[in-house]
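Have a look at the structure below, then the notes.
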Amino acid sequence: MTGDLFAYVDEHLPEFVADVVRLCRQPSISARGEGLTEMAQLVVNAMTALGIQAQALPTAGGPPVVYGEMAGDRPTTLLFYNHYDVQPPEPLELWTTPPFEPVVDGDKLRGRGVADNKGNLAARLAAIKTYLAVRGRLPLNVKFCVEGEEEVGSPHLAPFVEAHGERLKADACLWEGSGVNWQGQPTVILGAKGILYVELEARGAVRDVHSSLATVVPNPAWRLVWALSSLKDSQENILIPGFYDDVTPLSPQELEAVQAIPPDDQELKESLGLEKLVADVEGFQYIRRHLFEPTCTICGLVSGYTGEGAKTVLPSIARAKIDFRLVPEQRPQDIHQKLKRHLESQGFGDIAVSAVEGVNPARTPLNSPLVRVVVEAAQEVYRRPPVVYPTMAATGPMYLFTSASGGLGIPTASSGIEYPDCRMHAPDEHIRLQDFALGIKHLVAIMAHMAEEGRRD
Ligand SMILES: [Zn+2]
Numbered sequence: 001m002t003g004d005l006f007a008y009v010d011e012h013l014p015e016f017v018a019d020v021v022r023l024c025r026q027p028s029i030s031a032r033g034e035g036l037t038e039m040a041q042l043v044v045n046a047m048t049a050l051g052i053q054a055q056a057l058p059t060a061g062g063p064p065v066v067y068g069e070m071a072g073d074r075p076t077t078l079l080f081y082n083h084y085d086v087q088p089p090e091p092l093e094l095w096t097t098p099p100f101e102p103v104v105d106g107d108k109l110r111g112r113g114v115a116d117n118k119g120n121l122a123a124r125l126a127a128i129k130t131y132l133a134v135r136g137r138l139p140l141n142v143k144f145c146v147e148g149e150e151e152v153g154s155p156h157l158a159p160f161v162e163a164h165g166e167r168l169k170a171d172a173c174l175w176e177g178s179g180v181n182w183q184g185q186p187t188v189i190l191g192a193k194g195i196l197y198v199e200l201e202a203r204g205a206v207r208d209v210h211s212s213l214a215t216v217v218p219n220p221a222w223r224l225v226w227a228l229s230s231l232k233d234s235q236e237n238i239l240i241p242g243f244y245d246d247v248t249p250l251s252p253q254e255l256e257a258v259q260a261i262p263p264d265d266q267e268l269k270e271s272l273g274l275e276k277l278v279a280d281v282e283g284f285q286y287i288r289r290h291l292f293e294p295t296c297t298i299c300g301l302v303s304g305y306t307g308e309g310a311k312t313v314l315p316s317i318a319r320a321k322i323d324f325r326l327v328p329e330q331r332p333q334d335i336h337q338k339l340k341r342h343l344e345s346q347g348f349g350d351i352a353v354s355a356v357e358g359v360n361p362a363r364t365p366l367n368s369p370l371v372r373v374v375v376e377a378a379q380e381v382y383r384r385p386p387v388v389y390p391t392m393a394a395t396g397p398m399y400l401f402t403s404a405s406g407g408l409g410i411p412t413a414s415s416g417i418e419y420p421d422c423r424m425h426a427p428d429e430h431i432r433l434q435d436f437a438l439g440i441k442h443l444v445a446i447m448a449h450m451a452e453e454g455r456r457d
């Protein structure tokens with residue numbers, strides 16, 4: 001029974017909101033390395049105040065990862081992944097109130113990090129505080145892994161997880177956040193796409209020349225365009241040989257889950273001013289494509305003169321930035337090799353390909369016991385069935401937790417305090433206090449259900 005715990009959350013909500021405010025008053029901008037050590041210490045202090053054994057562990061060249069642990073009644077261990085860094089607050093003039101002076105405004109709390117991700121971290125600490133205050137002990141063991149570089153692609157997390165695998169050992173992991181959709185249904189996310197980010201560079205003459213020389217001097221801008229057009233056809237098929245080889249087909253359960261996700265393609269089209277989407281997808285096909293298709297995206301393309309007026313120049317360099325969003329079991333290193341081989345075979349071996357970033361995709365199976373726990377707990381708290389996303393369309397370092405090779409190999413699901421208009425990464429980031437309270441209760445219920453589940457085994 002969790003009624004007494006939920007009542008405590010309601011009674012102490014102002015105190016929990018004050019805890020979020022305290023964390024968000026400290027700027028911690030990983031993009032410029034600002035305030036990260038101070039922030040890590042603040043997180044350690046917040047944990048220590050609850051009796052959690054916490055420390056800021058160094059990484060190989062990045063800001064520390066805050067690790068915390070606390071023993072509970074059952075041997076089952078739940079690991080929380082969060083991050084203490086935030087996106088830069090600019091443009092400052094678009095904020096109603098200063099980003100690092102969080103304020104409660106009506107039924108909302110506004111400030112940088114209140115949603116992504118300090119509010120979620122605070123919700124987890126609040127759930128623990130609640131358990132300790134009401135029951136005196138946690139129902140299971142908890143651990144925390146709170147990094148300071150999520151917003152810049154977690155460059156030091158992989159070696160950290162590898163070095164501290166034993167310490168981070170757990171039965172399941174709760175991912176950093178999620179929340180409710182427009183209809184107020186809680187959402188649970190079980191996976192993330194991977195990514196390969198590359199730069200292509202075509203070079204011609206040693207300097208730009210008069211474009212009358214186009215008769216005889218090769219143009220790297222054309223070469224790059226020809227090379228790019230060999231990557232994908234107009235039906236959106238990616239043409240790199242072997243690109244789709246490792247794509248795992250959807251399980252019947254995953255298909256069923258996709259059918260239960262309310263499509264928002266109409267809203268997306270309206271908000272973006274589009275008549276139609278890629279491949280004309282709608283409804284179910286839109287969700288399926290969005291969540292499960294890998295992509296090849298030209299993110300940027302530069303060459304020659306692009307300023308005002310005409311300049312008849314033949315450029316000496318052309319560059320493109322491309323990202324590939326990957327799905328299980330594609331691997332960035334493999335796609336990188338296949339891309340290079342493809343360009344060579346097409347006669348574009350002179351185009352330099354450099355990999356900027358690679359992250360593996362991740363997915364927790366729908367039949368994992370953790371999924372049942374998180375879904376049952378959501379049903380209990382939100383009084384409606386959650387929408388389960390087998391994966392999100394975006395990328396995160398989740399594979400370090402889910403993957404058995406090079407990771408912890410544990411099931412991972414999300415729980416959180418956000419709603420669709422919370423403006424993460426943007427000015428006026430905020431949360432609704434009601435979502436914050438529900439998110440804390442969801443965590444309380446997850447801990448209760450998971451301890452119960454451990455008892456059943
Ligand atoms: Zn973020």
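Taking this note's numbering, the leading residue of the sequence shown gets 1, the next gets one more, and so forth.
Ideal placement from N, C-alpha and C gives every residue a C-beta, glycine not left out.
Against chain B, does C145 count as a neighbour if the rule is that its beta carbon must be under 7 angstroms from one of theirs? Structure shown: chain B not included; a single protein chain is present.
How about S211 and T312: are their beta carbons less than 7 angstroms apart?
-> Between S211 and T312, the CB-CB gap stays under 7 angstroms.
Identify whether I238 lies in helix, strand or coil by the three-state DSSP scheme.
If DSSP states are grouped into helix, strand and coil, I238 belongs with the strands.
Close Cβ partners of G407 (< 7 angstroms) along its chain, the five nearest in sequence each way excluded
Excluding the 5 residues flanking it on each side, G407 has same chain C-beta neighbours closer than 7 angstroms at V161, Y399, L400 and F401, in chain order.
Looking only at C-alpha atoms, which of V278, A170 and L231 sits nearest to A404?
-> Comparing alpha-carbon positions, the option among V278, A170 and L231 lying closest to A404 turns out to be A170.
Measure the C-alpha to C-alpha separation of K108 and V17 and round it to an integer number of angstroms.
-> Between the alpha carbons of K108 and V17 lies a distance of about 10 angstroms.
*Do you know whose CA, among E90, L50 and G119, lies nearest V103's CA?*
Selected option, being the one with the closest Cα: G119.
| request: Report all residues from its chain with a CB closer than 8 angstroms to the CB of V159; omit the five preceding and five following residues, and keep chain order. | output: The residue you asked about is not Val; residue 159 is Pro in the sequence shown. Cβ neighbours of P159 within its own chain (closer than 8 angstroms, five residues either side excluded): T59 and A60.
| How big is the Cα-Cα spacing for P218 and R207? | Between P218 and R207, the C-alpha separation is close to 12 angstroms.
Q.
Rounded to the nearest angstrom, what separates L168 and A214 at their Cα positions?
A. Take the alpha-carbon of L168 and the one of A214: they are about 60 angstroms apart.
Worksheet item: For G242, is the classification buried or exposed, using 16 other Cβ atoms within 10 angstroms of its Cβ as the cut-off for buried?
Response: With fewer than 16 neighbouring CB atoms inside 10 Å of its own CB, G242 falls in the exposed class.
Out of E275, D264, S303 and A205, which one is the CA nearest neighbour of Y286?
Ranking the options by Cα distance to Y286, first place goes to D264.
Would you say the beta carbon of D435 is closer than 6 angstroms to some non-hydrogen atom of ligand 1?
Between ligand 1 and the CB of D435, the shortest heavy atom gap is not smaller than 6 angstroms.
Taking the alpha-carbon of D245 as reference, which of V152, T364, L326 and P91 has the nearest alpha-carbon? Among V152, T364, L326 and P91, the Cα nearest to that of D245 is on L326.
Quiz item: From S316 to I351, what distance separates their C-alpha atoms?
Solution: About 13 angstroms.
Based on the DSSP secondary-structure assignment, which residues constitute the bridge partners of P186?
In the DSSP output, where bridge partners are listed per residue, P186 has V180.
Taking its Cβ as the centre, do 16 or more other Cβ atoms sit within 10 Å of L196, making it buried, or is it exposed? L196 is buried by the Cβ-count criterion.
field: Per-residue DSSP class, three states only, for N458
entry: Nothing can be reported for residue 458, as the shown portion of the chain is limited to 1 through 457.
Reduced DSSP category for R432 - H, G, I as helix; E, B as strand; rest coil: Strand.
- Query: Exposed or buried, which one is A71 when buried takes at least 16 other CB atoms within 10 Å?
  - Reply: Classification for A71: exposed.
Practice problem: Just the C-alpha distance for F100 and V21, rounded to the nearest angstrom, thanks. | Solution: Going from the Cα of F100 to the Cα of V21 covers about 9 angstroms.
Residues near ligand 1, CB to any non-hydrogen atom under 7 angstroms, in chain order? Having a Cβ closer than 7 angstroms to some heavy atom of ligand 1 are Q87, D116, N117, E150, E151, M424 and H425.
Practice item. Quick one: residues in its chain with C-beta nearer than 6 angstroms to the C-beta of K321, no 5 flanking neighbours on either side, listed in chain order? Key: Leaving aside the five residues that flank K321 on each side, the residues in its chain whose CB is nearer than 6 angstroms to its CB run, in chain order, E199, C299 and G300.
Beta-carbon within less than 8 angstroms of K269's beta-carbon, same chain only, minus the 5 sequence neighbours each way: which residues are those? Here K269 has E275, K276 and L277 as same chain residues with Cβ atoms under 8 angstroms from its own Cβ, once five neighbours each way along the sequence are excluded.
Just checking, does the segment 1-20 make contact with the segment 434-442 on the three C-beta pairs under 8 angstroms criterion? Three or more beta-carbon pairs separated by less than 8 angstroms link the segment 1-20 to the segment 434-442, which places the two stretches in contact.
| field | The beta strand (DSSP E) enclosing D105, as first and last residue numbers | value | Here the beta strand (DSSP E) through D105 covers V103 to D105.
* Terminal residues of the continuous beta strand (DSSP E) containing C145? -> L140 to E147 is the span of the beta strand (DSSP E), which, as asked, contains C145.
Query - Among E418, D428, E452 and A7, nearest to G177 - alpha-carbon criterion - result: Nearest to G177 by alpha-carbon distance, out of E418, D428, E452 and A7, is E418.
Check your understanding: If you drop the 5 nearest sequence neighbours on each side, which residues of the same chain put their C-beta closer than 7 angstroms to that of H156?
Key -> So the list reads T59, A60, G61, G62 and E149, once near-sequence residues are dropped.
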